[in-house]
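Trainee:
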Amino acid sequence: MAVKERVEAVLNVGLRVPSIMLLEVLYRWDVSSFFQKIQKSSLNNNPLFQYKYLALYLHYVGYILSLVLLTLPRQHLVQLYLYVLTALLLFAGHQISRDYVRSELESGYEGPLYLEPLSINRFTTALICQLVVCTLCSCVMQTKRIWLFSAHLLPLVARLCLVPLETIVFVNRFAMIFTGLEVIYFLASNLLVPFNLAKTAYRELAQVVEVYGLLALGMSLWNQLVLPVLFMCFWLVLFALQIYTYFSTRDQPTSRERLLFLFLTSIAECCCTPYSLLGLVFTVSFVALGVLTLCKFYLQGYRAFMNDNTMHRGMTEGITLLILAVQTGLIELQVIHRAFLLSIILFIVVASILQSMLEIADPIVLALGASRDKSLWKHFRAVSLCLFLLVFPAYMSYMICQFFHMDFWLLIIISSSILTSLQVLGTLLIYVLFMVEELRKAPVENMDDVIYWVNGTYRLLEFLVAVCVVAYGVSETVFGEWTVMGSTIVLIHSYYNVWLRAQLGWQSFLLRRDAVNKIKSLPTASHQQLQQHNDICSICYQVCVCVCVDFARIIHIWVISREHRAELEFRRGIASVNNNSTHSHR
1 MAVKERVEAV LNVGLRVPSI MLLEVLYRWD VSSFFQKIQK SSLNNNPLFQ YKYLALYLHY
61 VGYILSLVLL TLPRQHLVQL YLYVLTALLL FAGHQISRDY VRSELESGYE GPLYLEPLSI
121 NRFTTALICQ LVVCTLCSCV MQTKRIWLFS AHLLPLVARL CLVPLETIVF VNRFAMIFTG
181 LEVIYFLASN LLVPFNLAKT AYRELAQVVE VYGLLALGMS LWNQLVLPVL FMCFWLVLFA
241 LQIYTYFSTR DQPTSRERLL FLFLTSIAEC CCTPYSLLGL VFTVSFVALG VLTLCKFYLQ
301 GYRAFMNDNT MHRGMTEGIT LLILAVQTGL IELQVIHRAF LLSIILFIVV ASILQSMLEI
361 ADPIVLALGA SRDKSLWKHF RAVSLCLFLL VFPAYMSYMI CQFFHMDFWL LIIISSSILT
421 SLQVLGTLLI YVLFMVEELR KAPVENMDDV IYWVNGTYRL LEFLVAVCVV AYGVSETVFG
481 EWTVMGSTIV LIHSYYNVWL RAQLGWQSFL LRRDAVNKIK SLPTASHQQL QQHNDICSIC
541 YQVCVCVCVD FARIIHIWVI SREHRAELEF RRGIASVNNN STHSHR
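So the sequence shown is numbered by full-length UniProt numbering: it starts at 1 and just counts up by one.
1) I'd like to know whether the C-beta atoms of residue 12 and residue 226 end up nearer to each other than 8 Å.
2) Of all the options 459, 460, 432, which has the alpha carbon lying nearest to the alpha carbon of residue 447?
3) With DSSP run on the structure shown, which of helix, strand or coil describes residue 163?
4) If you draw a straight line from the alpha carbon of residue 19 to that of residue 249, how long is it in whole angstroms?
5) Roughly how many angstroms separate the alpha carbons of residue 59 and residue 26, rounded to a whole number?
6) With DSSP collapsed to three states, give me the class of residue 301.
7) For residue 392, which of 404, 382, 420, 403 has the nearest alpha-carbon?
8) Once DSSP output is grouped into helix, strand and coil, what is the label at residue 313?
9) Taking residue 344 as the reference, which of 331, 324, 517, 460 has the closest Cα?
10) From the DSSP output, in three-state form, read off residue 29 for me.
11) Kindly indicate the opening and closing residues of the alpha helix (DSSP H) around residue 357.
12) Taking 8 Å as the limit between beta carbons, can you name the residues of its chain near residue 163, skipping five residues before and five after?
13) Determine the extent of the alpha helix (DSSP H) in which residue 99 is found, giving its start and end residues.
14) Drop a sphere of 10 angstroms on the beta-carbon of residue 488, count the other beta-carbons inside from all chains shown, and report buried for 16 or more, exposed for fewer.
15) Mapping DSSP to helix, strand and coil, what is residue 405?
16) Locate the alpha helix (DSSP H) running through residue 7, then write down its first and last residues.
17) Look at the alpha carbon of residue 331 and the alpha carbon of residue 423, and state the distance between them as a whole number of angstroms.
18) May I have the straight-line CA-CA distance separating residue 119 from residue 181, to the nearest angstrom?
19) Going by beta carbon distance, what residues of the same chain come within less than 7 Å of residue 264, once the five residues before and after it are set aside?
20) For a test of the three-state rule: what should DSSP assign to residue 134, helix, strand or coil?
21) What did DSSP end up calling residue 194 once you bin it into helix, strand or coil?
22) Taking residue 463 as the reference, give the member of 477, 505, 490 with the closest Cα.
23) Pull up the distance between the alpha-carbon of residue 327 and that of residue 320, whole angstroms please.
24) DSSP on residue 249, reduced to helix/strand/coil?
25) Helix, strand or coil for residue 273, going by three-state DSSP, please let me know.
26) Have a look at 223, 197, 450, 458 and flag the residue whose alpha-carbon is nearest the alpha-carbon of residue 426.
27) Hey, could you find the ends of the alpha helix (DSSP H) residue 223 is sitting in?
28) Quick one: measure Cβ to Cβ for residue 389 and residue 357, integer angstroms, because I've assumed they're closer than 8 Å.
29) State the start and end residues of the unbroken alpha helix (DSSP H) segment that holds residue 466.
30) For residue 144, count the other beta carbons within 10 Å of its own beta carbon; 16 or more makes it buried, fewer makes it exposed. Which is it?
31) When you compare each of 236, 160, 173 to residue 270 by their alpha carbons, which one comes out closest?
32) With H, G and I counted as helix, E and B as strand and the rest as coil, what does DSSP make of residue 176?
33) Does the beta-carbon of residue 24 have 16 or more other beta-carbons within 10 angstroms, so that it is buried, or is it exposed?
34) Among 371, 375, 362, 374, whose alpha-carbon lies nearest the alpha-carbon of residue 387?
35) If I'm right that residue 85 touches residue 140 with Cβ under 8 Å, what's the distance once you round it to whole angstroms?
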């Protein structure tokens, strides 16, 4: 991507962030409570605050203006910001001129400037500032008619001509009125521009809907506005402002115990509206995507991006956060309650990220153990990541148990982290078996049986964890407070995590036992039969030159290769059989 395209992409996002900030402010602003405070204050007699319904209409106009700024094309948006910048520069010129006139009135000196050092210093400073303002306005508006922005130079010219100070005040007012008339003329000449833009946008939208449909229109707006990145940037700005506000109002340093509470309360403050909640959802999605991408890069380097898996995009974690926040009514809670609820929701999100990391690491670690790769750095990266996935979920479970009282819901949440640690433990045990076989320089007898029993053991432990969760839920329902939702969750958990898992495990055991019995019942070919039929191995497709026969072992290797889809292990087993001259034929 060229530099110009990158700059345009940054502008497309950065210039739309203020529109969402305005939506956030309008959503937080309660008009009724605002006018109640005004009625109790001294501003109640001000005519500007007498028309409540006018303020309500302006509130809705603010929403419309925010949506217009959000959906405005980039070229018109840049032009609008340039107009706003010009208006700010003109206001700065007005402030400089007013401060200069006020300082001259306070000094009371009406003589020549060169006779008074302070007067010449004030004049020089004001002149330089006004020239800078005029030049910037001319550059921003891309016009050579610099006199259009030089009305604020009139008080300086009048002072240079030794005009009395009282007259300079009227000259300054005339400069202000002239600048205001220029602004009004510019607004009046462009009064129909928003209407023309709206008409053109409506025509284009109608054409797109007629040809492609509403779904295509939504996808087009999603891609043009880059809504995920836009909401993420908006939330990060909001979070940074919250952190800055906290530290700028505190003199004493924050202890380490309060840093976690500060982090949670800051996040809770930044998700009290639907807009900030969407920003948090997209931020979590991008953080999850970054963590999973770093996990792939740590394990495989740049090769990880050649065959990227579209499943690990971080959207699962963001959707999980959104569903839990909506179901629990997160934005309706108070800040302290929202912070504690967010700690549980973020725990679930982090557990989901760790599970995705395990799904990435598991096949890589097993393939590395089954291969004959001698790179210590690859093995170190794989083992270190597995150790992290083994320890960190247990640490998270311990920490959350310190903050909350144990109940059925918390046990369900913690059980996911425990299952992740058990799965990592099983992966590490299989990896260790592969490495032991590699160090022995000789094949381990019945390695597939050992691997099967290792897998069966940690799956049995997973089943026991699910049974414990169900037992705790049943006891809490019977002896504690009974709720319909709790009983429903117990039934669902019992069916999916206990009954179906038990059925699947038992079927796997029966199929395994049936396969072993069939393999043991296979006949063994004699040397005369081999020489007579000149047979070829149906697995490795090589002509047999063996002296002895071990057909059962070949079938064992074939079964394990089909069950675990480990092609490297299959080839390795075939090579070990060939080296020991223990081949067999069908």
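Virtual Cβ for every residue (Gly too), placed ideally from N, Cα, C.
This one's a predicted model, so the numbers in the text were calculated from it and none came from an experiment.
Mentor: Let me lay it out:
1) yes
2) Here the closest residue by C-alpha is 432.
3) Note: residue 163 maps to coil in three-state DSSP.
4) 27 Å
5) 7 Å
6) helix
7) By alpha-carbon distance to residue 392, the top candidate from 404, 382, 420, 403 is 420.
8) coil
9) 324
10) coil
11) In the DSSP assignment, residue 357 falls within the alpha helix (DSSP H) that extends over 335-370.
12) 171
13) 74-107
14) Its Cβ having fewer than 16 others within 10 Å, residue 488 is exposed.
15) coil
16) In this chain, the alpha helix (DSSP H) harbouring residue 7 covers 3-14.
17) 35 Å
18) 31 Å
19) 339, 342, 343
20) Judged by DSSP in its simplified three-state form, residue 134 adopts helix.
21) Residue 194 falls in the helix class under three-state DSSP.
22) Looking at the Cα atoms, 505 is the closest of the given residues.
23) 11 Å
24) coil
25) coil
26) 458
27) 214-225
28) 6 Å
29) 447-479
30) exposed
31) Closest option to residue 270, Cα to Cα, is 236.
32) helix
33) With 16 or more other Cβ atoms within 10 Å, it is buried.
34) 362
35) 6 Å
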